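Below: the structure, in structure tokens.
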Ligand SMILES: [Mn+2]
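Here it is, written out as structure tokens:
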């Protein structure tokens, strides 16, 4: 039996290690009968060093499961259990916050796999483009200005460069379908990468039939996609469903996420990381005008990786510490911006018009 586990997994094994001992280094297994504070400390230290770790224990009380869940989630690890065939235990653990519970009753071969956001071995060079919001004409102008050409209506990729789209492809603008079509084609051809923005996520939920409020520009997507074939809509659903919320490139030197990402969250996956990457560092509160209050995570960023992001529009790109926000509010009538990596060269084109009024004047 083969088992794929992410490198950043913490396994609680109720079954004997002999079932998988060949694939796990002895030093990464903690053998214990009771979950003392020292054991919790040991786990905390190992996960802090991004180690794969197995806890071999015969039983766990509910309060112990809670303690483990807490320390594992603190490091944004996947929490995995290996158990004997026991349906009620499986249910209980999943309910208690385990990401996956595997029944192990024979020898297994464990394959450690990378998270889909880990593209450290892809070095670039990259042309990174921020929030397009359906501004297809400006996107084409920008690509042409950057030296891209078209042949029989198809974009010719540049030999030594790949495109990265920072999310928020949809909503508010006038050619949402065209933007989706182009980006989907480029990603499928493996000449571009795309990450998820909050607007893409919301459109996906709408297309899948979830009850979402059709406001903040989703009206435009709903209207413009209303006459499209089921085939096209299904391809959009498939495409959006697969989008990660961050990518780590170039040996960890470049991180892209729609709303940015603090260093602790680079190269990891969890609910809170997804929320941060899509919406930023929101407090959950709103200001007097009803806008969500966002902390400016970039001001406190001290990480080694360059983080390129968008989501919050400004008149000019905004660079603090080792971060660059390239959302220059094209759909609000300002401009669409490309950042070249590693050159850090900026190319931009003016918006043809105001497609959507921003509630505040851009600064
Ligand atoms: Mn956004």
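Residue numbers (the working numbering): 265 to 627.
For glycine and all other residues, C-beta sits at the position ideal for the given N, C-alpha and C.
Source: prediction; values computed, not measured.
8 Å Cβ cutoff met for residue i and residue j
i           : j           : result
residue 572 : residue 397 : no
residue 513 : residue 529 : no
residue 332 : residue 276 : yes
residue 400 : residue 442 : yes
residue 590 : residue 574 : yes
residue 546 : residue 488 : no
residue 410 : residue 611 : yes
residue 406 : residue 602 : yes
residue 297 : residue 335 : no
residue 526 : residue 565 : yes
residue 242 : residue 437 : Since the first residue of the chain shown is 265 and the last is 627, residue 242 is not available in this structure.
residue 605 : residue 388 : yes
residue 320 : residue 344 : no
residue 484 : residue 435 : yes
residue 554 : residue 524 : no
Whole-Å CB distance - residue i paired with residue j, under 8 Å assumed
i           : j           : result
residue 316 : residue 372 : Residue 316 to residue 372, Cβ: 15 Å. No contact.
residue 395 : residue 481 : That belief does not hold up - the Cβ atoms of residue 395 and residue 481 are roughly 11 Å apart, past 8 Å.
residue 519 : residue 562 : Not confirmed; about 12 Å, so no contact.
residue 270 : residue 377 : 6 Å
residue 615 : residue 625 : Not a contact, Cβ separation roughly 15 Å.
residue 459 : residue 521 : 6 Å
residue 341 : residue 272 : 5 Å
residue 427 : residue 393 : 7 Å
residue 465 : residue 542 : 6 Å
residue 446 : residue 419 : 7 Å
residue 318 : residue 360 : No, residue 318 and residue 360 are not in contact; Cβ-Cβ is about 18 Å, not under 8 Å.
residue 516 : residue 379 : Contact doesn't hold; Cβ gap of about 13 Å is too wide.
Per-residue DSSP class, three states only, for residue i
i           : result
residue 468 : helix
residue 453 : coil
residue 570 : strand
residue 237 : Given that the chain is displayed from residue 265 to residue 627, the structure contains no residue 237 and the question cannot be resolved.
residue 460 : coil
residue 287 : helix
residue 582 : strand
residue 348 : coil
residue 317 : strand
residue 602 : strand
residue 432 : coil
residue 292 : helix
residue 595 : helix
residue 391 : strand
residue 408 : helix
residue 440 : helix
residue 308 : helix
residue 270 : strand
residue 446 : helix
residue 420 : strand
residue 277 : strand
residue 613 : strand
residue 353 : helix
Closer than 7 Å: residue i CB and nearest ligand 2 heavy atom
i           : result
residue 369 : Ligand 2 is absent from the structure shown, which contains only ligand 1.
(request) Tell me, please, whether the stretch 413 to 431 touches the stretch 470 to 489 by the rule of three or more beta-carbon pairs shorter than 8 Å. (result) Output reads no: the stretch 470 to 489 does not touch the stretch 413 to 431.
(request) Decide yes or no for the touch test of the stretch 286 to 294 against the stretch 339 to 348: beta carbon pairs closer than 8 Å, at least 3 of them. (result) Judged by Cβ distances under 8 Å, the stretch 286 to 294 makes no contact with the stretch 339 to 348, as fewer than three pairs qualify.
(request) Please go through the stretch 484 to 560 and give each complete beta strand (DSSP E) segment of 3 or more residues, from N-terminal end onward. (result) Qualifying beta strand (DSSP E) stretches, in chain order: 510 to 513, 518 to 521, 545 to 550, 556 to 559.
(message) Can you confirm whether the stretch 487 to 502 touches the stretch 454 to 474 when touching is taken to mean that 3 or more C-beta pairs between the two stretches lie within less than 8 Å?
(response) Note that the stretch 454 to 474 touches the stretch 487 to 502; at least 3 beta-carbon pairs, one per stretch, sit closer than 8 Å.
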